[in-house]
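Participant: Handing you a structure now.
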Ligand SMILES: Cc1ncc(COP(=O)(O)O)c(C=O)c1O
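Laid out in structure tokens, this is it:
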């Protein structure tokens, strides 16, 4: 099929109150940290927002039935998974949804497991809500991350442990977990009555035709003990619309979740909702082409590092546009690494944002144009030649 989308178009959004380009990008040439893409959303998404905006209808809304139906259709077509529309609820962001689950299913002082290095707002939302973080730290061996199941089992067995927040695919290591891993996690959590929140924010971005495995598909028993949180934000570059959803097949838990939503009194976001419906209705080919484009960028990054800065090891990804670089051979702490990248003119995320397990690493977002990626890499390389290469052991 012919390509319909051009991901080489420069994404110019300076001076538009855009966090990536106006804040992170303030003092550098290229911001490659925060997890927004540099791609224009599909035109249908822009049109959906524009059409609602130009109608001037901004009064209280009614959630259109198409919202839940579009989630059901997307999971069916993209992930071969049955999601009944009534299992879904709108949420204004994935991390808000985590907060709602904490309130619905746990008490202050309860334990919540996370698997660092992992998306930093998991820890933030748990600790800010007076719950206790238990870290089931991933183990890096042979350039690949593994789950320490013995440790997971020990932590899950503590009676105060109530939830595991799973990141699948896992940000920042760029890894979609295998069925075997997911089943082992599910077995441990089911056995110890630990509820699983499966964050599938990056589930549309898997490489080489690999299929995302939604946690709810593992078995009926698993589906009753888990919830999915997701949105089109990462795929369609609509994070700022704060429109996401949960999938909760367990009716009783869904009811408890909705009771918490009522307490917080948040309602459906009409602009975000129409954007979401348009994205999930018209965005399949865009997604396929974008994933192929990003995979090429991953290849450019891998090749560039191997040729020019071979001491940096890219953790080989099978998902996401967030590449996790092991910089430990440079023997610099994260403050030094941060200064190095900033002075080279490229913003990346510090590895220690993701927990102690991220010390000596950085995360770079390759969902930009090839031109931006190559120029950013040349800037980094130039600085490396000036400041780093001579100091490395030969
Ligand atoms: C795994 C993961 N979950 C959640 C989020 C944030 O979602 P939201 O902004 O909807 O809370 C991100 C953003 O980078 C993410 O990578």
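Residue numbers (the working numbering): -13 to 380. Ideal Cβ placement from N, Cα and C applies to all residues, glycine included.
Can you find at least 3 beta carbon pairs, one from the stretch 328 to 347 and one from the stretch 101 to 110, that sit closer than 8 Å?
Facilitator: At 8 Å Cβ cutoff, the stretches touch.
Participant: Looking only at C-alpha atoms, which of 268, 353, 316 and 143 sits nearest to residue 34?
Facilitator: That would be 268, whose Cα lies nearest to the Cα of residue 34.
Participant: Only counting the same chain, and skipping five residues up and downstream in sequence, which positions put a Cβ closer than 8 Å to that of residue 61?
Facilitator: Excluding positions up to five away in sequence, the list reads 67, 68, 69, 200 and 233.
Participant: What are the complete alpha helix (DSSP H) segments, minimum 4 residues, inside the stretch 175 to 245?
Facilitator: Complete alpha helix (DSSP H) runs here, min 4: 206 to 210 and 219 to 222.
Participant: Taking Cβ to Cβ, would you say residue 120 is nearer than 9 Å to residue 99?
Facilitator: Taking 9 Å as the Cβ cut-off, residue 120 and residue 99 qualify as a contacting pair.
Participant: Relative to the C-alpha of residue -9, which residue among 0, 197 and 276 is closest?
Facilitator: It is 276.
Participant: How big is the Cα-Cα spacing for residue 314 and residue 53?
Facilitator: Answer to the nearest angstrom: the Cα atoms are 45 Å apart.
Participant: Beta carbon of residue 144, beta carbon of residue 123: below 9 Å?
Facilitator: No; because the gap between Cβ atoms is not below 9 Å, this pair is not in contact.
Participant: By the three-class DSSP mapping on this structure, what secondary structure does residue 41 have?
Facilitator: In the structure shown, residue 41 sits in a helix (DSSP, three-state: H, G or I).
Participant: Answer yes if the stretch 112 to 119 comes into contact with the stretch 83 to 95, meaning at least three C-beta pairs across the two stretches below 8 Å, and no otherwise.
Facilitator: Contact between the stretch 83 to 95 and the stretch 112 to 119 is present, because at least three Cβ pairs lie under 8 Å.
Participant: With DSSP as the reference, please indicate the residues paired to residue 153 in a beta bridge.
Facilitator: Residue 153 pairs with 185.
Participant: Leaving out the 5 sequence neighbours to the left and right, which residues in its chain are closer than 6 Å to residue 265 when beta-carbon positions are compared?
Facilitator: Excluding sequence neighbours, residue 265 sits near 31, 218 and 222.
Participant: I need the straight-line Cα distance from residue 328 to residue 128, nearest angstrom please.
Facilitator: Cα-Cα distance, rounded: 30 Å.
Participant: Which word fits residue 160, buried or exposed, when buried means at least 16 other C-beta atoms lie within 10 angstroms of its C-beta?
Facilitator: Classification for residue 160: buried.
Participant: Specify the secondary structure class of residue 130 as computed by DSSP and reduced to three states.
Facilitator: Reduced to three states, the DSSP call for residue 130 is strand.
Participant: Taking all protein chains shown into account, do 16 or more other C-beta atoms lie within 10 angstroms of the C-beta of residue 303, making it buried, or fewer, making it exposed?
Facilitator: Classification for residue 303: buried.
Participant: Take the Cβ of residue 19 as the centre, count every other Cβ of all protein chains shown within 10 Å, and call the residue buried at 16 or more, exposed below.
Facilitator: Counting Cβ neighbours within 10 Å, residue 19 comes out buried, since at least 16 surround it.
Participant: Looking at the secondary structure, which residues open and close the alpha helix (DSSP H) in which residue 112 lies?
Facilitator: Start and end: 106 to 114.
Participant: Report the CB separation of residue 152 from residue 171 in whole angstroms; it is logged as a contact under 8 Å.
Facilitator: Their Cβ separation, rounded to whole angstroms, is 7 Å, which keeps residue 152 and residue 171 in contact under 8 Å.
Participant: Grab the span of the beta strand (DSSP E) containing residue 355 for me, first residue to last.
Facilitator: No beta strand (DSSP E) holds residue 355; DSSP gives it neither H nor E.
Participant: Taking the Cβ atom as the reference point for each residue, do residue 362 and residue 16 lie within a distance shorter than 9 Å?
Facilitator: Taking 9 Å as the Cβ cut-off, residue 362 and residue 16 qualify as a contacting pair.
Participant: Would you mind sorting residue 46 into buried or exposed? The rule is 16 or more other CB atoms within 10 Å of its CB.
Facilitator: Burial call: exposed.
Participant: Between residue 312 and residue 337, what straight-line distance do the alpha-carbon atoms span, to the nearest angstrom?
Facilitator: Spanning the two alpha carbons is a distance of roughly 9 Å.
Participant: Taking residue 99 as part of the alpha helix (DSSP H), name the residues at either end of that continuous run.
Facilitator: Where residue 99 is concerned, there is no enclosing alpha helix (DSSP H), although the beta strand (DSSP E) it sits in stretches over 97 to 100.
Participant: Report all residues from its chain with a CB closer than 7 Å to the CB of residue 81; omit the five preceding and five following residues, and keep chain order.
Facilitator: So the list reads 107 and 111, once near-sequence residues are dropped.
Participant: Would you list the residues sitting across from residue -12 in a DSSP beta bridge?
Facilitator: According to DSSP, which records beta bridges pairwise, residue -12 is partnered with nothing at all.
Participant: Taking just the CA atoms, how far does residue -11 sit from residue 274?
Facilitator: Spanning the two alpha carbons is a distance of roughly 10 Å.
Participant: Skipping 5 residues on each side, what residues in its chain have a beta carbon closer than 8 Å to that of residue 55?
Facilitator: Same-chain partners within the cutoff: 71.
Participant: Our contact map puts residue 90 next to residue 210 with C-beta atoms below 8 Å; I'd like the distance itself, whole angstroms only.
Facilitator: Not confirmed; about 15 Å, so no contact.
Participant: Please list, in chain order, all residues with a C-beta atom less than 7 Å from at least one heavy atom of ligand 1.
Facilitator: My final list is 21, 79, 80, 81, 82, 105, 107, 153, 157, 185, 187, 188, 217, 219, 220, 225, 228 and 230.
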